[in-house]
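Remarks on the structure that follows.
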Amino acid sequence: MFNHIMIGTNDIERAKRFYDAVLGVLGAGEPVRNVGPSGHVRLFYRHDGSTFCLTEPINGEPATVANGATIGFKCSSPEQLQAFHDTAVAHGGTSIEDAPGPRQGSLGTMYLAYVRDPDGHKLCAIHRPG
Numbered sequence: 046m047f048n049h050i051m052i053g054t055n056d057i058e059r060a061k062r063f064y065d066a067v068l069g070v071l072g073a074g075e076p077v078r079n080v081g082p083s084g085h086v087r088l089f090y091r092h093d094g095s096t097f098c099l100t101e102p103i104n105g106e107p108a109t110v111a112n113g114a115t116i117g118f119k120c121s122s123p124e125q126l127q128a129f130h131d132t133a134v135a136h137g138g139t140s141i142e143d144a145p146g147p148r149q150g151s152l153g154t155m156y157l158a159y160v161r162d163p164d165g166h167k168l169c170a171i172h173r174p175g
C-alpha cells in the first residue's frame with residue numbers, strides 16, 4: 046500500500062546518525078543523499094521495497110512532528126525489536142509508553158516498542174509472530 050514515508054528534521058546530520066543506527070538494525074544500508082533545487086537535503090533509506098525519507102523542510106520553516114502520528118517498523122523477531130528500541134535510545138531517542146515486549150490484543154499477541162526520535166517523531170517497532 047505504501048511507497049514511502051517522509052518526515053522532516055531540523056538537523057539532518059543528527060537525524061542521519063540516529064536513523065543509520067536504528068534502521069541498520071533492520072538491515073537498511075546507507076541512505077541515498079539528494080540535494081533539492083532549493084538546496085535542502087533529503088536522505089532516502091531503501092529496504093525490502095520500502096523507502097523511508099528524511100528532509101529539511103522545503104519551505105524553510107522548522108520541521109514539526111505530527112500529533113497523533115506513529116511510524117511503524119516491522120521487526121523479524123522480539124530480539125530485533127528489542128535491539129531497535131535499545132539502539133534508538135543509545136542514539137538520542139527516548140523510550141515512551143510501556144517497556145518493549147508482548148501485548149495481548151484483538152489480533153492476538155504482538156511485540157511492541159515505542160520511541161521518539163531526536164526530532165520528536167513517534168516510532169513503533171512491531172513484531173507479529175506467526
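The opening position of the sequence shown corresponds to residue 46 in this note's numbering, with each subsequent residue numbered one higher. For each residue, glycine too, the CB sits at the ideal point set by N, CA and C.
**Prompt:** So what does DSSP say about F63, is it helix, strand or coil?
**Reply:** helix
**Item:** the segment 81 to 94 contacting the segment 130 to 145, beta-carbon criterion three pairs below 8 Å
**Value:** no
**Asked** Does DSSP classify H92 as helix, strand or coil?
**Response** strand
**Prompt:** Using a Cβ-Cβ cut-off of 7 Å (strictly less than) and excluding sequence neighbours within five positions of A66, which residues of its own chain qualify?
**Reply:** T132 and H136
**Asked** With 16 as the cutoff for other CB atoms within 10 Å, does E58 come out buried or exposed?
**Response** exposed
**Message:** My assumption, with CB atoms under 8 Å, is that D162 sits in contact with F89. Please give the rounded CB distance.
**Reply:** Contact flag wrong, Cβ pair sits at about 17 Å.
**Request:** Give the straight-line distance between the Cα atoms of T96 and H166, rounded to the nearest whole angstrom.
**Result:** 17 Å
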